[in-house]
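Protein chains in written order, with the working numbering: chain A, 24 to 141; chain B, 1079 to 1188; chain C, 2 to 522.
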Amino acid sequence: MTVGLPFNIPFLAVAALISISFIIILTQRNLIKLVMGIVIMQAGVNLFLVSLGYRTGGIVPIFTHAPEGAMVLPVPQALTLTSIVIGVACTALMLSLIVLTYRHTGDTDAEKSRILKG
Amino acid sequence: MASLSTWSPIVLVVAFLILVAVAYFFRSRGEARYKEGTAQTQVFLAGEEAPEPEKRHIRAQNMYWGFFQALKQYYQTTMNAHTGIINDYIIWFTSVVAIAAVIVFIAGMV
Amino acid sequence: MDSLVTHSSILAIAIPLLAAFLTPLASKVGDRARNTVVIGALALAEFLVIILARDIYLNGLHVYTLGAAATDLTIPEHYMVPVRIILEVDAMSVFMGLITTTISLAGAIYSISFLKQETGGDRFYTLLLLLAVGMLGLEFTGDMFNFFVFLEILSISGAALAAFRTRFGDATEGGFKYIVISAVGALVVLFAVGILYAQYNVLSMAALAQAIQYTALDKIALALLVVALAMKLASVPLHMWAPDTYSVAPAGTTPMIYVASQACLYGMFRVLFSLYGVSLDTLAIGWIVIVLGVLSMFVGVTMAVHQSDIKRLMAYHAISQSGYMLLGIGVGLAVLADPQALASYGREAISGGIFHIINNALYKGLLFLTAEALFFSLGTRDLNKMGGMFRNMRYTAIFFIVGALAISGVPPFNGFTSKLMIYESVYNFSPVLAVIAMLVSIVTLASFTKAFQSAFTGPALPQHDNIREVPKPMLIGMGILAIAIVFFSLFPSLVVNTIVTPATDALIDQAGYIGAVMGGA
Chain A
24 MTVGLPFNIP FLAVAALISI SFIIILTQRN LIKLVMGIVI MQAGVNLFLV
74 SLGYRTGGIV PIFTHAPEGA MVLPVPQALT LTSIVIGVAC TALMLSLIVL
124 TYRHTGDTDA EKSRILKG
Chain B
1079 MASLSTWSPI VLVVAFLILV AVAYFFRSRG EARYKEGTAQ TQVFLAGEEA
1129 PEPEKRHIRA QNMYWGFFQA LKQYYQTTMN AHTGIINDYI IWFTSVVAIA
1179 AVIVFIAGMV
Chain C
2 MDSLVTHSSI LAIAIPLLAA FLTPLASKVG DRARNTVVIG ALALAEFLVI
52 ILARDIYLNG LHVYTLGAAA TDLTIPEHYM VPVRIILEVD AMSVFMGLIT
102 TTISLAGAIY SISFLKQETG GDRFYTLLLL LAVGMLGLEF TGDMFNFFVF
152 LEILSISGAA LAAFRTRFGD ATEGGFKYIV ISAVGALVVL FAVGILYAQY
202 NVLSMAALAQ AIQYTALDKI ALALLVVALA MKLASVPLHM WAPDTYSVAP
252 AGTTPMIYVA SQACLYGMFR VLFSLYGVSL DTLAIGWIVI VLGVLSMFVG
302 VTMAVHQSDI KRLMAYHAIS QSGYMLLGIG VGLAVLADPQ ALASYGREAI
352 SGGIFHIINN ALYKGLLFLT AEALFFSLGT RDLNKMGGMF RNMRYTAIFF
402 IVGALAISGV PPFNGFTSKL MIYESVYNFS PVLAVIAMLV SIVTLASFTK
452 AFQSAFTGPA LPQHDNIREV PKPMLIGMGI LAIAIVFFSL FPSLVVNTIV
502 TPATDALIDQ AGYIGAVMGG A
């Protein structure tokens, strides 16, 4: 795997984003902040998918009038587009369910708005 | 799968039907005449007054009382673990991923 | 007919997908048109899966390449790896496909009368068809990224269905928990797929299986995949979302959301047996799966006997029965590298686990439908408020008895057969596990006795005088599953030899799975 960027900065960014998002999901009780944590994790995984396709000195993967040399991998870019769309659908569903929960229980706290336990 | 032949379901179903036929035969030899509305058709509780149906029916939360008393400590621990808070569910997930990764790496080195 | 068999795998996914988007149009015409479109699409999908199954049992693995000149042209000319989307259906995939289409059909028929008192029936059926599409796609795909996409499809439609009755507060909470758990789990699966792609630059499962070398990054990907899929299939200690979600899902969809968890179980076995195969450390990973299974069985059933809410009780039993499957197949995985143990008891353990999947889908589906029938008639799920229902709801009570005896492993029902296979083979591996499994079976029977006594037997309570039996479509839905249980109980050897043993052989045979796509390399 030849990634020529100094100090593997994209992968460090991915690690930072996913760690921050896990800390948010584990500790924040407010449901909207929980969804924000999941959105940050989606962003981190998408960044991971795009940055693993990079090749040193590669150009955009378009064949028409392409100069000689290596191209970056196009498949991870397609995977990332699909993942972004799925992320939007998930986020929309989660936020609408939070609005309905607030209408029923009057609270967006994970501990105070729960009805089902045990 | 040789064990399936000794436990063949057809044999068990036939045996069950034979037993049902025997039980029906015994039941048909019973007393067929009785008077409605007298003490013959009411609930008999060793001579005491039978309470109303709502009080007579044993509810679900009162069943197996002895079993739950014997395992009281276990049930208190597990009921406290099932909090219902979504953040706790992800804490369990993260811990199990960490333990599984450690086991996989140690097994690879041994 | 031949071309129908060739294209049946993609048609079985495409026809319900098309019907899902035609349903809102059909419901403008009327309710009958909508019901016809939905039931017709699911019945057609079931027919296609049955003819595909017959073809696979006669001719072996079935590979379908999307967009190629011929459907089995997996690797194009001058290429070394497959580059198109490939559906790879072997006996194990089509086994799960049969379960999915049967339960979807029974659930859709059951929901017809439920929807008479709800609005938004067209959206309900769209989501139900999308859930069926997600499950079928997950079971037929041969490609890791498609696996992630179909996993997300079934999670989103499952969560929207679980939260369908938005007038109840606990329904929205159950749906929210399901979508959060699914989103986190699916993102971890995507991360693991990214790690595998970064090392080997292929996404197809067969090509990955050929190229995998079990480096440190592969170990991380394995741990992430197994635990994320274990969370999606609700094994203890990652199970806590399942009772919340299964208890609030509306009529007919609870069995489908449960079979979606079983599809994730299938996904886990596909990753363990066909993707990694013998290159992984089978004893250690096998013991991880066995420990997950034993914990699920024990904690699931002890929590179940404590519950007073009937659908939560059923949900905890669903968790406990998943433990049996994990135990059986974990034992098979642990002895995969040892050919003598594999032949003597490993194969039977895997067969028992796989047979238990279909038995469990049938009787657990039936029990969920009877619990929902009680809720439909009485308006409450609380067992403390029920009593003496045997007089009013005779058919529901009989279906409940059939399901309860089957799940407790009482002979001659089908639960007994698959549990006997698991007990015998696990006893050879480690006797303690078989003893724990038998004790769990006893406590299962105890808790169903409690549920039956609370709900059905007892004196006639005056407030339940005018409760009547549930409408005909619900009885037909339950009847389909009950007839299937009786059939599986009377002819277990026939079922095992026809459906289960080819699935076991297909799961163990990693070389055949690779060879079908890579061309005998």
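Where is the CB? At the ideal position from N, CA and C, for every residue including glycine.
Quick check: what's the CA-CA separation for Phe356 of chain C versus Gln1151 of chain B?
36 Å
Are the C-beta atoms of Glu1127 of chain B and some chain C residue less than 8 Å apart?
no
Compute the Euclidean distance between the alpha carbons of Ile291 of chain C and Leu328 of chain C, then round it to the nearest angstrom.
5 Å
Answer yes or no: do Met145 of chain C and Leu225 of chain C have a C-beta to C-beta separation smaller than 8 Å?
no
For the alpha helix (DSSP H) holding Tyr247 of chain C, just list the boundary residues, first then last.
Trp242 to Val249
At which residues does the beta strand (DSSP E) containing Tyr65 of chain C begin and terminate?
His63 to Thr66
Going by the CB atoms, is the gap between Phe401 of chain C and Thr381 of chain C shorter than 8 Å?
no
Short of 8 Å in beta carbon distance, which residues of its chain neighbour Val83 of chain A, apart from the five on each side in sequence? Order them along the chain.
Met94 and Val95
Please classify Phe22 of chain C as buried or exposed, where buried requires at least 16 neighbouring CB atoms within 10 angstroms.
exposed
Per DSSP, Met94 of chain A forms a beta bridge with which residues?
A:Ile82
Residues of chain A with CB closer than 8 Å to the CB of Asp171 of chain C, please, in chain order.
Ile138 and Leu139
CA-to-CA distance, Val37 of chain A to Val58 of chain A, given in whole angstroms
18 Å
Quick test of your reading: Gly176 of chain C and Ala160 of chain C, contact by CB under 8 Å. State the CB separation rounded to the nearest angstrom.
5 Å
Using a beta-carbon distance cut-off of less than 9 Å, what residues from the segment 283–308 of chain C approach chain B?
Leu284, Ala285, Ile286, Trp288, Ile289, Leu293, Val300, Thr303, Met304, Val306, His307 and Gln308
Members of the segment 148–164 of chain C that neighbour chain A once the beta carbon cut-off is set at 9 Å
Phe149, Val150, Glu153, Ile154, Ser156, Ile157, Ala160, Ala161 and Ala164
Could you check the C-alpha separation between Ala1 of chain C and Ile86 of chain C for me, to the nearest Å?
This structure leaves residue 1 of chain C out entirely; chain C is present only between 2 and 522.
Check the Cβ of Ile180 of chain C against every Cβ in chain A and list those closer than 9 Å, keeping chain order.
Cys113, Leu116, Met117 and Leu120
If we ignore side chains and look at the alpha-carbon of each, how far apart do Met1157 of chain B and Asn1165 of chain B end up?
17 Å
Let me confirm a value: Met439 of chain C is counted as buried when at least 16 other C-beta atoms fall within 10 Å, else exposed. Which label applies?
exposed
Taking only the alpha-carbon atoms, compute the straight-line gap between Thr105 of chain A and Lys451 of chain C and give it to the nearest angstrom.
48 Å
Any beta carbon of chain A sitting closer than 8 Å to that of Leu239 of chain C?
no
My guess is that Phe141 of chain C and Ser10 of chain C are in contact by the Cβ rule of under 8 Å, so how many angstroms apart are they, rounded?
5 Å
With which residues is Glu89 of chain C paired in a DSSP beta bridge?
C:Val64
Could you tell me which residues DSSP puts in a beta bridge with Asn53 of chain A?
A:Asp132
At a CB-CB cut-off below 7 Å, which residues of chain B make contact with Phe45 of chain A?
Thr1172
Between Met523 of chain C and Ala374 of chain C, which are expected to be in contact by the criterion C-beta below 8 Å, what is the C-beta distance as a whole number of angstroms?
Since the first and last residues shown for chain C are 2 and 522, residue 523 of chain C lies out of range.
Residue closest to Val194 of chain C, alpha-carbon to alpha-carbon, out of A:Thr87, A:Val108 and A:Leu102:
A:Leu102
Could you check whether the Cβ of Asp144 of chain C sits closer than 8 Å to any Cβ belonging to chain A?
no
Starting from the beta carbon of Thr1155 of chain B, find every residue of chain A whose beta carbon is closer than 8 Å, and list them in chain order.
In chain order: nothing, as chain A lies at least about 13 Å away.
Boundaries (first-last residue) of the alpha helix (DSSP H) holding Gly170 of chain C
Gly170 to Tyr201
Contacting positions in the segment 373–391 of chain C - beta carbon closer than 8 Å to chain A:
none
Using a Cβ cut-off of 9 Å, pull out every chain C residue sitting near Ile48 of chain A, in sequence order please.
Val181 and Val185
Within-8 Å CB hit, Phe86 of chain A to chain C
no
List, in chain order, every chain A residue whose beta-carbon is nearer than 7 Å to that of Glu119 of chain C.
Per Cβ cutoff of 7 Å: no residues; Glu119 of chain C is ~16 Å from chain A at best.
Hey, could you find the ends of the alpha helix (DSSP H) Glu425 of chain C is sitting in?
Asn415 to Phe430
Identified DSSP bridge partners for Leu239 of chain C
Paired residues: none, contrary to the question.
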